[in-house]
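First residue of the sequence shown? That's 79 in my numbering, and the numbers climb one at a time after it.
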Amino acid sequence: MAQEDLKAEQELAAIRALLIETYGIEGDISPLPGEHDLNYRVRAQDGEQYLLKLHAPGDADELDMQVAVLDHLAKTAVDLPVSRPVPGRAGASTVKAMVRGERTARLLTWLPGDIWAKSASRGLTSAETLGHLLGQLDQSLKGFAHAGTKRVYAWDIGRADMHLNHVGLIDGDDKREAVRAIFERFASSVRPSLESCLRQVIHNDANDYNVLLDDEGRVSGLLDFGDMVETWRVVEIAVAAAYALIGTADAVGTIAALAGAYHRANPISEAETALIFDLVRTRYAVSMCMAAKQIRDNPENTYLLVSQEDVWRELQRLERENRAIAIARIRDACGFAPIAHAASVVRWLEQNAHDFSAIVKPSVAKPKVAVFDFSASSPEAAQWAALDATAAEALIAARIREQNADYGIGLYGEDRAIYQGDAYETATAGERRSVHLGVDIFAPALEPVHAPFAGKVAFLHDDAVAFGFGPTVLLEHVTDAGDIFWTLYGHLSRETMAKLTVGQPIATGESFASLGATQENGNWAPHLHFQLVTDHLGLEGRMFGVGVRDQWQVWHEVSPDPSVVLGLPVPASVIVAREKDFLVRERHRRIGRSLSIAYSTAPLKIVGGEGAHLIDEDGTRWLDMVNNVCHVGHCHPRVVKAAQMQMEKLNTNSRYLHDSLVEYSRRLAAQFPDPLNVCFFVNSGSEANDLALRLARAYTGNRDVITVDHAYHGHLSSMIDVSPYKFAGKGGEGRPAHVQVAEMPDLYRGRYRYGDVDAGRKYAEDVRNQVLALAANGRRPALFFSEGILGTGGQLTLPEGYLHEAYAHVRAAGGLCLADEVQVGFGRVGSHMWAHQTQGVIPDIATMGKPIGNGHPMAAVVTTEAIAASFANGMEYFNTFGGNPVSAEIGLAVLDVIRDERLMHHCRVVGDRLMDGARALAKRHAIIGDVRGYGLFNGIELVRSRETQEPAASALDFVIAEMKRKHRILLSSEGPHHNVLKVKPPAPFSAEDCDHFLNALDETLGRLNH
């Protein structure tokens, strides 16, 4: 055996002995890389893994610091993915060991994952999860103090100015100049700003070899606390971001994602967000100085030269970024306004708009404006792109004349394909500026331009390049609050530039410029580019006129919508379409998180609908099998036309006389038997049920309610009270004292099941029990709530005779009975217009919503004259929007379509086809326990065993996900056990749609069986 091999084996033998004697652990040992310490992976015989560290002699405080911090985290942050100390048999965290001299041994738990630098899974999720981890870590370290962290440490970028003397060691003039400029900015601006920021102990070295990732790219561990230092907290983010961005497509996006995730776990200040970008650059500058010094001391270390190439490449990339935009993006990621004063400027503009002067043609009080669409999605996009400036000028002028308009406009927020050339590229590869930041005003060359409000000339620039801005002026303005902003005027005449000087005051309405001709305005058809600017990004007169679509939330604060200044009679802006990830983020920020998102792991962005299909932003058609709201089909042309025609005439409240309201009430009441002939109109099913409860209490003088278990009747407080689905579920407050809950009549898994011909009467006995419970306390019911098919109960059809018996018990006690048709009405059940009619009963009150307006927010209550009369007790009932003319016309159109397209019969035929097909599938797939429903309101219940009826909720989750992923069919679950496949498509759902669904379900269930 070679001497070297013998020595290595002796070392391993010594380590094995150490592990057995000190920790009682036997296993395989593998050496790991280490700069100063010896590191070993230990695979114990019991399957556990450990990291053994043998520390070289050195700074005792530093080692004690590392021991102390892991002890601290073991007590304060037990869930953080950091190594945990494994004490020896004697209870000590460290022991002495003789391996290559005397060393200090520590045994730590092993962390799973791949090193970030070598992981193929790293991406934006990696940066986000690292930011979150570091935020949690620093929260836990706020109370940690140790003498070792108070050192003056060269790798503490909070002391970066100590490296100024080493800049001369860096090879290359360009590198030295870049690093020197960063340090000078640090000393003059960054370091003073840090003084107002939080200081604490931080990890300080979340580099790409100290972070572990799992297979999905999520951070699974953080290593090596040897660089800890007490410094400014924000340094933690900057150090981690400097490594996280290496090799990414969007460097600033990565910094922002990491900072935003840190902020959500450990909120930082606006002052800290403003420093992160500069501190990342500072980390690179420190790294280059440290490497230069080490190379001077150890010139043979060629690895340092190679590693610094990454640093220089990334620093150069950051130097190409616009600093102001970078800071704005980081602010945005942390939930702060990208431009702090932008909202204040817009408010000032809105409050003072009545005093503004028109920018062109101020003598025309109400100008007629021709609107042009230059967007990339315009039907004329190719035509505009093919025109030269002269031809474009001629076509624009012709269209303005054709419309007898005073001038034309191009819109703010348009994503245009006409901006070509390198000038529109950004520092991110493949990313271009393409979204218009201003409004174009098309008029002949030399048309005078007027100042909308007073200001002074701030910047003048002649962008004399093809397709540039040409002569450009920025006027500076100050709000009453002292906020400075600018208005930008591009494509002017050179005559304009000759008569203006910087600092020159410009009065409101003053004609200070004129439009340039094609040959002087950047080779465009004559027009004014008018733009608001809250931050000129350090560009001054060279300010951009086009922004980045994927960063629009930042750019529209840099340059807000100028419509407020122009005050035109037509829209001058468009909504910028955004990616789904951004829309989810904004929903979470701006809309209550209790509003869920369908298919949240892979949400859909729906932009259109037709019949039984929804259409996403890519044009993909999705078969919609859960939308009973658009009952007669998405965007039915008759319903759309009815709404448009009435909206063009009038929409007002129901206090005025209107034929449509009276006609609709007549038509709707005609769908019910006597004595249900009085209508009330509201805006949602929840409102309808709330009003029904008020009617019942007014008529009976009672307050108590009986409801069916697991029912849902609306989101108003009064309806949550009568909805066990809500009050008995997560976040609910339990059953209110005035509510009695009757047993859910479930023929599949309830007490009385299929085949029991008396099940309806038996289940109704529990309604009687609730009546008796009230009577025992001297109370009587006001109202019994029930659907004709129990939706949230799991699409349960009611046993024969159930409502007949239940109604009888309630009415005998002086109560009223309500049929909730919000989900199941308007012919969906196929055999009848209303689901309660399948039970052969007439309720005292019926409520409708969802399908009544085919997606328009409207609802209704129908009741008897006697009940309605009891409500007219002196307190006026009024609903501002209920029964408005537009809603009435829509309601009439829906009734017309149901009648003329024979949709009730269609629901029966296709519904029978669907249930027959599903029952046939049940013969091949034992997981189908029950198929039930009427018409196109169906439930397919999945069970693990037909004998035990164990719910197969996870299997249903798989089915729903796969039907969406593979077959483009949208479904959802229902029922107390979340194991019922809910089927309630728009009524135009065809036989072909039905067969597609059945075939897809067969294929998907077949994969479940393997």
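No residue lacks a Cβ here, since even glycine has one placed at the ideal position from N, Cα and C.
| Asked | Found |
| --- | --- |
| Determine the closest residue to Ser-435 out of Asp-844, Asp-702, Glu-503 and Thr-586, with distance taken between C-alpha atoms. | Thr-586 |
| Buried or exposed: where does Pro-445 fall if 16 or more other Cβ atoms within 10 Å of its Cβ makes it buried? | buried |
| Helix, strand or coil for Ala-420? Go by DSSP, reduced to three states. | helix |
| Here's the rule I'm using: 16 or more other beta-carbon atoms within 10 Å means buried, otherwise exposed. How should Asn-1087 be labelled? | exposed |
| If distances are taken between C-alpha atoms only, which option among Asp-451, Glu-588 and Val-358 comes closest to Pro-440? | Glu-588 |
| Pull up the distance between the alpha-carbon of Gln-127 and that of Leu-276, whole angstroms please. | 38 Å |
| If we ignore side chains and look at the alpha-carbon of each, how far apart do Lys-228 and Leu-151 end up? | 19 Å |
| So, are the CB atoms of Ala-402 and Gly-338 less than 8 Å apart? | no |
| Select from Asp-787, Gly-486, Gln-582 and Leu-754 the residue whose C-alpha is nearest the C-alpha of Leu-644. | Gly-486 |
| Among the residues of its own chain, which have a CB less than 7 Å from the CB of Ala-1030, if the five just before and after it don't count? | Ile-1005, Leu-1020, Val-1021, Arg-1022 and Asn-1057 |
| By Cβ distance, which residues of its chain are closer than 8 Å to Ile-693, with the 5 residues on each side in sequence left out? | Ile-684, Val-685, Gly-686, Gly-687, Arg-699 and Trp-700 |
| Measuring CB to CB, does Gln-609 end up less than 8 Å from Leu-735? | no |
| Can at least three beta-carbon pairs, one atom from the stretch 87-106 and one from the stretch 171-185, be found at a separation below 8 Å? | yes |
| Contact between the stretch 499-519 and the stretch 611-624 is defined here as three or more beta-carbon pairs at a separation below 8 Å; is this criterion met? | yes |
| Answer with buried or exposed for Arg-361, where buried requires no fewer than 16 other C-beta atoms within 10 angstroms of its C-beta. | buried |
| Can you tell me where the beta strand (DSSP E) with His-341 in it begins and where it stops? | No beta strand (DSSP E) holds His-341; the alpha helix (DSSP H) holding it covers 329-343. |
| State the beta-bridge partners of Cys-757 as determined by DSSP. | Val-940 |
| Can you list, in chain order, the residues of its chain with a C-beta nearer than 6 Å to that of Thr-332? Leave out the 5 residues immediately preceding and following it. | Ala-205, Ala-322, Leu-323 and Thr-326 |
| Helix, strand or coil: how does DSSP classify Lys-85 here? | helix |
| If we call anything under 8 Å between Cβ atoms a contact, is Val-707 one with Gly-933? | yes |
| Give me the DSSP bridge partner(s) of Val-1009. | Ile-1018 |
| With a threshold of 16 other CB atoms inside 10 Å of the CB of Pro-753, please say whether the residue is buried or exposed. | exposed |
| Which value, in whole angstroms, describes the spacing of the CA atoms of Val-632 and Val-611? | 12 Å |
| Taking one C-beta from the stretch 762-775 and one from the stretch 855-867 each time, how about it: are there three or more such pairs within less than 8 Å? | yes |
| Give the straight-line distance between the Cα atoms of Ala-122 and Gly-616, rounded to the nearest whole angstrom. | 60 Å |
| Secondary structure at Ala-95, three-state DSSP: helix, strand or coil? | helix |
| Between Asn-344 and the rest of its own chain, which residues show a CB-CB distance below 6 Å, the 5 nearest in sequence each way excluded? | Gly-213, Asp-216 and Gln-217 |
| Does the stretch 873-882 come close enough to the stretch 827-839 to have 3 or more Cβ pairs within less than 8 Å? | yes |
| Please state the DSSP three-state secondary structure of Phe-949. | helix |
| How long is the line joining the alpha carbons of Ile-798 and Ser-637, rounded to whole angstroms? | 45 Å |
| How big is the Cα-Cα spacing for Val-424 and Pro-530? | 15 Å |
| The alpha helix (DSSP H) that contains Thr-778, what's its start and end? | 763-778 |
| Alpha carbon to alpha carbon, how far is Met-936 from Asn-957? | 11 Å |
| Using the C-alpha atoms, what's the distance from Gln-749 back to Asn-755? | 9 Å |
| Phe-222 by DSSP, collapsed to three states: which one? | coil |
| Excluding five sequence neighbours on each side, which residues of the same chain lie with their C-beta closer than 6 Å to the C-beta of Ala-924? | Ala-897, Glu-899 and Val-940 |
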